[in-house]
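Going by our numbering, the sequence shown runs without a break in its numbering and finishes at 467.
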Amino acid sequence: MTDIVCVKKLRIGEGIPKICVPIVGDTWKKIFDEADKIAETSPDLAEWRCDFFQEIDCPERVREVLNGVEMRLKGIPLLFTFRSREEGGERTMEPDSYRRLNLMAAETKKVDLVDVECCKDPEMSKRLIRELHGLGVKVVGSSHNFQETPEKDEIIRRLMQMDAVGADIVKLAAMPKDEGDLLKILCATNEVKGKTKKPVVTMSMGQKGALSRICGAVFGSAITFGSMGQASAPGQIPVEELRGLLANIHQYCR
């Protein structure tokens, strides 16, 4: 039985996989415009990919953007994510700066979840997760590989490592070279959901992996990422199409 992660009125880990839409603007105006459009579409979650933001090194500007985004989302829970270039993001950041940025975001009380890249330094991740929990936010432990798909046992190891360091939700995304890589992700997801009580989130990126974004109800992935305009990762499906696909699969494939 999966432990449900509750943020605002959203219950992650039960029912139809939840739809998360990324905000990827590089200026505050673009970010606010995207947040307004997301509020009109009403997905389950929004994610601010702050690594796209041109002024990410200015804490005061980050706080201002968080205030504006939270107000515009009108109650939609917000996931705060700095994705490092090493894991497919837009820029690099020193470990201590990464820690301070995530804690600052949590301290604003404008974010509900924070993404923590867990596999580079598990001990540092464990300490950061403990601090974030102390500030009242949930943590999505994550690992991303935009070059290839690890072997199934390595996928499982990474997801279980995120569980071990205290993440509330465990997430892995990888780039497939063929359909066999897609199957690795799906099989690993199905196996991990029997090993952990945490909600599991996985995806195989690009066109070859698109099936993984819609079959979470079958294999056990609790969140899927859809797009509105610019995608934050290859293979994201437009939100309205994704919503219909998820509903049909949930109805007929349970």
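Every residue, glycine too, gets a C-beta built ideally from N, C-alpha and C.
In the three-state reduction of the DSSP assignment, Gly-228 falls in the coil class. Look at Val-237 here: in three-state DSSP terms it is coil, with no helix or strand label. If the five residues before and after Pro-389 are omitted, its C-beta is found closer than 6 Å to the C-beta atoms of Thr-362, Leu-395, Ser-417, Lys-421 and Gly-422, all from its own chain and listed in chain order. Looking at the DSSP output, Pro-451 bridges to Ser-440. Taking 7 Å as the cut-off, the Cβ atoms of Ile-225 and Pro-412 count as close.
By alpha-carbon distance to Glu-454, the top candidate from Ile-236, Pro-256 and Gly-228 is Pro-256.
Along the length of the region 247-324, whole alpha helix (DSSP H) runs at least 4 residues long occupy 272-286 and 308-320, reported in chain order. Between Ala-319 and Leu-348, the gap from beta carbon to beta carbon is short of 7 Å. Its chain contains His-357 and Phe-359 as the residues whose beta carbon lies nearer than 6 Å to that of Gly-301, once the 5 sequence neighbours on both sides are disregarded; these appear in chain order. Going by DSSP, Cys-219 is part of the beta strand (DSSP E) stretching over 218-220. According to DSSP, residue pairing for Asn-403 in a beta bridge does not occur. Looking only at Val-352, Cys-428 and Gly-393, the smallest Cα-Cα distance to Asn-461 is reached by Cys-428.
Annotated as proximal: Glu-303 and Asp-264, with beta-carbon spacing under 7 Å. Counting the other Cβ atoms within 10 Å of the Cβ of Pro-272 gives fewer than 16, which makes it exposed. Lys-242 sits in a helix when the DSSP states are folded into three classes. Under the three-state reduction of DSSP, Met-416 is assigned to strand. Non-local beta-carbon contacts of Asp-334 in its own chain, meaning distances under 8 Å to residues more than five positions away in sequence, involve Pro-308 in chain order.
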